[in-house]
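First up is the structure itself, then whatever we jot down about it.
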Amino acid sequence: MFGRKKAGFPGGVVLEGHKLYGQAGRTRAAPIPKELVYPLEQHIGQAARPVVAVGDLVQRGDVLARADGFVSAPIHASTSGTITAIEARPVPHTSHLAATCIVLTADGKDTTRGEPLWPIPSHPEKLTHEQLIGIVREAGIVGLGGAAFPSAVKLNPKDTARVDTLILNGAECEPYISCDGAAMIEDAEAIVRGAGLLKTLIKARQVLIGIEDQNTQALAQMQAACKAVGDRCVFVKTVATRYPQGGEKQLIQTLTGLEVPSEGLPIDIGIVVHNVGTAAAIWNAVTEGQPLTERIVTVTGSGVQHPANLRVRIGTPIRALIDACGGYRTQDGLRLLMGGPMMGVDLADDNLPVVKATNCILAGTRDDLAPPPDPMPCIRCGDCVEVCPASLLPQQLYWHARAHEFDKAQTLNLSDCIECGCCAEVCPSNIPLVQFYRFAKTEIRVADQERRKADQARARHEFRAERLEREKQAKEEARRRKREELAARQAAQKAADAAAPDAPADSADKAPSPAVQAALEKARQRLQAETAQNAPSGEGDDA
Amino acid sequence: MIISSPWLHKKRGVDAVMRDVLLALIPGAAVSSVLHGPGILWNLLLCVGTALASEAILLHMRGRPVRRHLRDLSGTLTAALLALALPPWLPWWQPVLGTVFAIVMGKQLFGGLGYNPFNPAMLGYVVLLISLPVNMSVWPGHEAHGFMPWPYVFGQSGVESLDGFSGATPLDTIRTGLSQQLTLTELAPSLESHHHLLLALGWLAGGAYLLWRRVISWRIPVAMLVGMAIPAMIFSIIDPDRYAGVGFHWLYGASIFGALFIATDPVSGSTTPRGRLIYGLGIGFLTWLIRTFGGYPDGVAFAVLLMNICVPLIDQYTPTRVYGTRPRKTS
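Going line by line, the protein sequences match chains A and B. For any residue, its number in my numbering is found by taking its place in the first sequence, counting from 1, and adding 45. For any residue, its number in my numbering is found by taking its place in the second sequence, counting from 1, and adding 1.
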């Protein structure tokens, strides 16, 4: 009840931060590894299409794979070297499956082409909206908050006049993750300038930058950067430290009081949200002609010797990051996650590459990521209802999902669940609630696809049946018309016969032309000859 | 088996929740023991022992992990709540009967923890109240101090022997008095109000602890007391001689205890925020109704059970407004 007032959104939970904000300003560059791996699908949408072949020499910034389709993003080489394979490799994905990757063996020189991939504008604010989108697209920039949605698509609202507010998400609400915090402290000016540029080009009225109150250093840096840049329409807003404050929908609610309509997008209410890191990446792409080839990754958890934020080349194996942080503290009960402990994906091992979405590598042990005790029955305590930031009824959704009553789960707005995990976190019975929702959502999606397929098949069948029927009718119609025509002609002929029995045309018909007569004569002769030939066989008596 | 996020889990499990409620019962139970004698503690011992034994047997028969479910303390809590609702020095088999009914019929036969539609403690209480109404409404006063209980524990029903120093509850006194055409003003001196005030304070202390620990939410207790207060206020204004006021209804009988410890039972109660308000209001109103016009002196147990029946209906018609949606039409 009091949560809404305090945090700006209902529900949510207070979690221990475990942030590395104290280390901010000391982000090191991780060493460039010998081998880098680039999954073709490291963004939401279509996988990129490779444009290099095994054996190709590439330099940093070269395009390895092009965007394939509207919602897609290109992938660039993050160092110089040789393409040594294009093959299936394990990728950091919840399925633990392998996917096609481009493998680059670094030559250690880390050279670039020298010239930018696109012309660097002398006055970035004079770019057109289309030019900006073009650069963001070419640079392969995706949302760096973890979702990896192609940023160009977000900048391409159908009707720019409707954009009122650009929100930069600096509310790093998940425990352990501090890469955005590091970016805000070290790249504050790039973020503010990037924000101003985006604002001008998408014609937003204002920019709101939401930062959690626990991150005082970032707040100070960003405010200072705003003053330095002097843009009067960029505001740094302090938001309460409460998970999931950094959820897109929650941050919008906190900062504007508006809600994104169910199954809609922020743009529907005139809002565009980008991560702070994304804004910095866009600014660097525009002013330096650099594609997205590195990002800040938080390497942390009780399983790591010296947790730190690192500037990491995309494609670096996770093992190399752990080594850069002093290696593992222990192997006992070790659990590797990509992302935070609330929404992160578990990793089978550390032989996986950093992708554009990798904001954090969390190596937890029993100290911080202890597996919960076995689930108990639900005691209907309602704690899940209290913490749900979407104001769902998690406990009822759970019963429906468990009973496979997906239609009922849908009437309770299952699709509005953001899978933040608050309900499962507070559940005294340790029921893996979100797992049940994911299961139900998948089942609903599959059933939907099947229904759509069935609908298509039915439509196709009906169309075919209709077409056959139409053809049949057309044929019949043609036949009928022919018959009618014939009848009409015959009738006309009869009428003509009756009218003029000795018409010349008629006599000509009865007396064939000489040519025809000659042909008839020839045929008759041939027939006679054949009859004579067949006669001795004794079979052609009748002939 | 956890195979996806979230990977963080609050340490407080079901057993910790139940333990908190048990702890919260201590002040009230202590006050009650001082006021009503050690018979209260004897009840606790009897009920908890019976609950653990009957639950263990039923869990074993159902093929469930016995140790694990006994450790969740839910059976212990049910027994404790029932014990504190019973008058002391009943014949030993009565608390045992009530507890067995609560645990076996009220809980385990429905599927155990989390599956019981009725508040098991109140089910056990009502069984005893309906079957043995005389015993159940006699509470000894503070004279019971120093009284040696042991002959009565295993012996004959204590009621006759207790006659000399036991009294009817205030609610019973009022009820009988009103039926004898006495007015409330005439009845007032026969009530030992400070005892009940002490008891109420004991329960309130525990309730405050539960609210602070966020084991219960304010909704059900507040709604229940409001649901009781509204009709009480209206009727006491209309005819103060025949209808008791808000303070009386709040302080006497099981109002505070019921609001904080009985109505807040999560398993058998409503789960939606608005539903909890309706559920609480319903319990409060029904309690007042039964006390004022019904055949029993107190009505908390019946009111809770009656509202338990309504829970699926209430939950169905009190959905939350989900983020980004308009208020949902219930169908």
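For glycine and all other residues, C-beta sits at the position ideal for the given N, C-alpha and C.
Residue range of the unbroken alpha helix (DSSP H) whose run includes residue i
i              : result
residue 451(A) : 451-456
residue 106(B) : First-last for residue 106(B): undefined, no H or E at that position.
residue 276(B) : 274-294
residue 183(A) : 174-183
residue 313(B) : 301-318
residue 232(B) : 220-239
residue 126(B) : 121-132
residue 79(B)  : 75-86
residue 363(A) : 363-369
residue 522(A) : 478-544
residue 27(B)  : 15-37
residue 475(A) : Taken as a continuous stretch (DSSP letters only), residue 475(A) belongs to no alpha helix (DSSP H), as it is neither H nor E.
residue 101(B) : 94-101
residue 358(A) : Unbroken run through residue 358(A) is the beta strand (DSSP E), 353-358; no alpha helix (DSSP H).
residue 230(A) : 224-231
Test item: CB-CB of residue i and residue j under 8 Å
i              : j              : result
residue 461(A) : residue 435(A) : yes
residue 590(A) : residue 122(A) : Nothing about residue 590(A) can be read from this structure; chain A reaches only from 46 to 588.
residue 277(B) : residue 221(B) : yes
residue 133(A) : residue 124(A) : no
residue 304(B) : residue 284(B) : yes
residue 338(A) : residue 354(A) : no
residue 184(A) : residue 330(A) : yes
residue 128(A) : residue 162(A) : no
residue 23(B)  : residue 71(B)  : no
residue 389(A) : residue 348(A) : no
residue 291(A) : residue 216(A) : yes
residue 55(B)  : residue 100(B) : yes
residue 118(B) : residue 37(B)  : no
residue 225(A) : residue 322(A) : yes
Amino acids of chain B, ordered along the chain, whose beta-carbon sits closer than 8 Å to that of residue i
i              : result
residue 395(A) : Neighbours of residue 395(A) on chain B: none; closest Cβ ~17 Å, over 8 Å.
residue 294(A) : 324 and 325
residue 94(A)  : What residue 94(A) touches in chain B: nothing, since even the nearest Cβ is about 30 Å away.
residue 307(A) : 323, 324, 325 and 326
residue 388(A) : 6 and 7
residue 469(A) : 7 and 10
residue 430(A) : 272, 273, 274 and 321
residue 466(A) : 6, 7 and 9
Residue i: contacting residues in chain B (beta-carbon distance under 9 Å)
i              : result
residue 453(A) : Those do not exist, as residue 453(A) stays about 10 Å from chain B at its closest Cβ, beyond 9 Å.
residue 461(A) : 323, 324, 325 and 326
residue 60(A)  : 9
residue 304(A) : 324, 325 and 326
Amino acids of chain A, ordered along the chain, whose beta-carbon sits closer than 7 Å to that of residue i
i              : result
residue 227(B) : By Cβ distance, chain A contributes nothing, its closest Cβ being about 16 Å from residue 227(B), past 7 Å.
residue 4(B)   : 480
residue 73(B)  : 421
Endpoints, beta strand (DSSP E) assigned at residue i
i              : result
residue 339(A) : 339-345
residue 92(A)  : Per DSSP, residue 92(A) belongs to no beta strand (DSSP E) and is neither H nor E.
residue 66(A)  : Taken as a continuous stretch (DSSP letters only), residue 66(A) belongs to no beta strand (DSSP E), as it is neither H nor E.
residue 146(A) : 143-151
residue 247(B) : Element bounds for residue 247(B): not the beta strand (DSSP E) but the alpha helix (DSSP H), 247-252.
residue 130(A) : 126-135
residue 83(A)  : 80-84
residue 110(A) : 108-111
residue 210(A) : 210-215
Partners in chain A for residue i, counting only beta-carbon separations shorter than 8 Å
i              : result
residue 114(B) : 421, 422 and 424
residue 127(B) : Within chain A, no residue comes near residue 127(B); the closest Cβ sits about 21 Å away, beyond 8 Å.
residue 268(B) : 424 and 425
Under 7 Å from the C-beta of residue i: neighbouring residues of chain B
i              : result
residue 214(A) : Correct list: empty, because the minimum Cβ distance to chain B is about 17 Å.
residue 483(A) : 5
residue 175(A) : In chain order: nothing, as chain B lies at least about 31 Å away.
Amino acids of chain A, ordered along the chain, whose beta-carbon sits closer than 9 Å to that of residue i
i             : result
residue 77(B) : None at all; the shortest Cβ gap to chain A is about 14 Å.
Quiz item: When you check each C-beta in the segment 6-40 of chain B against every C-beta of chain A, which residues fall closer than 8 Å?
Solution: 6, 7, 8, 9, 10, 11, 13, 14, 15, 17 and 18
Quiz prompt | In chain order, each alpha helix (DSSP H) run of at least 4 residues that lies wholly inside the segment 246-320 of chain A | solution = 261-274 and 293-301
Exercise. Would you list, in chain order, the members of the segment 131-149 of chain A that have their beta-carbon closer than 9 Å to a beta-carbon of chain B?
Key: 139
Quiz item: In the segment 381-436 of chain A, which residue ranges form an unbroken beta strand (DSSP E) of at least 3 residues, counting only runs that do not cross its ends?
Solution: 405-409
Practice problem: Closer than 9 Å, Cβ to Cβ, to anything on chain B: give me those residues from the segment 434-450 of chain A, in chain order. | Solution: 434, 435, 436, 437, 438, 440 and 441
Quiz item: Given a limit of 8 Å on CB to CB distance, which residues of the segment 288-312 of chain B reach chain A?
Solution: none
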